[in-house]
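Structure record follows, encoded as structure tokens.
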Amino acid sequence: MPPKLVAIGDLQGNLSGLETLLRAAGLMDRASRWIGGTSVLVQLGDIFGRAQNPRGACDLLRDLAEEAEEAGGGVHVIIGNHEAEVVHRYEFECDPREYVRFATHASLRKWKRERALAEESFWSLGQEESLPLANLVRAWELLHPVGREEFRKALSPRGEYGKWICSLPAAIKIGPILFSHAGVLPPYAKMGLNGINEAVSHAMESNAYFPAMAEDNVLLDPEGPLWTRALAWGARGLKAALAEVERRIGIAVQIIGHTPTDDYRIRTRHNHHIVCIDTGIGRPKEGRLSALVVQDGILWAIYPPRERRKLGVMPTQPQSQSSRARRRRRT
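Laid out in structure tokens, this is it:
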């Protein structure tokens with residue numbers, strides 16, 4: 001375990017929120033430079049989707065990763081379902097502002113010319129035969145968002161950001177903690193960490209349209225590490241499932257995002273063996289900025305600007321290991 005570990009949940013393009021959290025956690029200064037030393041940051045994916053500036057968030061995390069490595073620390077980003085979607089051209093949850101961030105001066109000029117031509121063609125329509133001109137122009141803008149071509153090129157498996165996303169792990173282990181976007185259940189724990197990451201990496205290299213992928217694809221599996229909500233919501237049989245995952249992978253805690261908590265605060269389940277940290281960072285109206293800090297074996301939730309709450313002591317042993325079994329082993 002590093003001296004300080006910070007985990008941040010789903011961002012959904014909230015660059016300013018990410019900057020606020022990094023400064024509140026003591027990892028970044030006002031000049032956006034790494035000051036965390038040997039601390040480690042883990043971001044749990046879903047940088048894209050319903051977003052304001054996912055490109056800026058990606059750039060910041062990539063830059064900090066280089067600076068942190070030089071300082072002896074680390075920055076790890078986990079792939080989320082939104083990343084899998086945008087790389088494979090499924091933009092159902094994208095916001096037009098995401099496209100704009102990838103637009104160039106040339107593409108903006110081209111878009112303006114095409115918009116003017118479309119508006120001119122709408123003038124030739126009879127008013128009785130069509131919608132009002134303003135509605136037609138607005139519909140054209142929605143169907144032809146500026147920057148979408150550049151967005152798709154940059155996010156393709158061979159594009160600058162697509163390559164980076166395809167290189168991200170689906171799960172990592174730091175000390176007794178397993179990090180993944182949505183959680184790891186026994187069928188995937190049997191594959192081991194390497195098996196999980198290899199399966200996701202192989203699937204990400206496909207150029208297939210996301211909804212057209214085979215149903216058994218790990219990127220689509222509703223109980224896979226990018227989608228399951230069992231750890232956040234489930235109850236029946238969850239303790240046994242957790243114990244199996246912990247035993248197979250050698251961990252005691254799973255930290256997950258993906259499923260927002262009911263009150264948009266960091267919550268723990270099963271005596272801190274599950275920590276849910278999606279607090280709607282990318283939903284400014286109802287969500288809450290938050291980060292989980294693990295330091296000296298204590299779990300802390302921080303909520304800028306000044307709130308800091310102790311969640312409890314972090315488990316260090318799998319919960320399948322009963323106190324009676326531990327006593328027998330000691331004797």
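Positions 1 to 331 (our numbering) are the ones given, in order, by the sequence shown. We put the CB at the ideal spot given by N, CA and C, even for glycine.
Status (buried if at least 16 other CB within 10 Å, exposed otherwise) for residue i
i	result
residue 4	buried
residue 46	buried
residue 188	buried
residue 92	exposed
residue 313	exposed
residue 281	buried
residue 237	exposed
residue 279	buried
residue 55	buried
residue 203	buried
residue 325	Below a pLDDT of 50, predicted positions are generally treated as unreliable, and residue 325, at 46, falls in that range; no measurement from the model is reported.
residue 196	buried
residue 105	exposed
residue 123	exposed
residue 322	With a pLDDT of only 48 at residue 322, under 50, the local geometry of the prediction cannot be trusted, and the value read off the model is given with reservation. The residue in question, residue 322, is exposed, as its Cβ has fewer than 16 Cβ neighbours within 10 Å.
residue 297	exposed
residue 180	buried
residue 139	exposed
residue 305	exposed
residue 299	buried
Straight-line gap, residue i to residue j (C-alpha atoms, nearest Å)
i	j	result
residue 190	residue 244	9 Å
residue 21	residue 289	7 Å
residue 86	residue 61	18 Å
residue 82	residue 117	34 Å
residue 302	residue 291	5 Å
residue 247	residue 240	11 Å
residue 35	residue 145	38 Å
residue 59	residue 136	36 Å
residue 158	residue 88	11 Å
residue 332	residue 39	Outside the shown range of the chain (1 to 331) lies residue 332, about which nothing can therefore be said.
residue 235	residue 101	42 Å
residue 198	residue 232	25 Å
residue 359	residue 170	The requested residue 359 is not part of the displayed model; the chain covers only 1 to 331.
residue 333	residue 14	The structure shown does not extend to residue 333, since the chain is modelled only from 1 through 331, so no value can be given for it.
residue 380	residue 228	In the structure as shown, the chain begins at 1 and stops at 331. Residue 380 is therefore absent and cannot be evaluated.
residue 113	residue 19	37 Å
residue 327	residue 318	No answer about residue 327 holds up, because its pLDDT of 47 lies below 50 and its placement is not dependable.
residue 308	residue 284	20 Å
residue 134	residue 110	21 Å
residue 262	residue 164	32 Å
residue 8	residue 73	16 Å
residue 230	residue 259	10 Å
residue 242	residue 167	27 Å
residue 160	residue 205	14 Å
residue 142	residue 201	33 Å
residue 84	residue 16	23 Å
residue 293	residue 121	57 Å
residue 107	residue 266	42 Å
residue 311	residue 90	37 Å
residue 57	residue 219	23 Å
residue 115	residue 125	16 Å
residue 33	residue 217	39 Å
residue 331	residue 316	Residue placement at residue 331 cannot be trusted, given a pLDDT of 45 that sits under 50; what the coordinates show is reported in the next sentence. If you take the alpha carbons of residue 331 and residue 316, they lie about 20 Å apart.
Cβ distance (whole Å) where residue i is taken to contact residue j below 8 Å
i	j	result
residue 178	residue 253	7 Å
residue 185	residue 249	Wrong, their Cβ atoms sit about 11 Å apart, outside the cutoff.
residue 10	residue 183	At roughly 13 Å, the Cβ-Cβ gap does not stay under 8 Å, so residue 10 and residue 183 are not in contact.
residue 155	residue 147	Actually they are not in contact, since the Cβ atoms of residue 155 and residue 147 sit about 11 Å apart, beyond 8 Å.
residue 150	residue 208	Not quite, the Cβ-Cβ distance comes to about 21 Å (not below 8 Å), so this is no contact.
residue 37	residue 71	5 Å
residue 31	residue 6	Not quite, the Cβ-Cβ distance comes to about 19 Å (not below 8 Å), so this is no contact.
residue 44	residue 277	7 Å
Residues sharing a beta bridge with residue i, DSSP
i	result
residue 204	In the DSSP output, where bridge partners are listed per residue, residue 204 has none listed.
residue 303	307
residue 40	5 and 74
residue 34	28
residue 312	299
residue 87	Answer is none; residue 87 lacks a bridge partner.
residue 179	172 and 255
residue 166	For residue 166, which the question treats as bridged, DSSP gives no partner whatsoever.
>> Assess contact between the region 167-186 and the region 130-150, defined as three or more Cβ pairs (one per stretch) separated by less than 8 Å. Is contact present?
In response: no
>> Does the structure place the region 260-276 close enough to the region 205-219 that three or more beta carbon pairs sit under 8 Å?
In response: At 8 Å Cβ cutoff, the stretches do not touch.
>> Three or more C-beta pairs under 8 Å: does that hold for the region 95-104 against the region 62-71?
In response: The answer is no - the region 62-71 does not touch the region 95-104, with fewer than three Cβ pairs under 8 Å.
> Counting Cβ pairs, one atom from each stretch, are 3 or more of them under 8 Å apart for the region 69-77 and the region 220-234?
Replying inline: no
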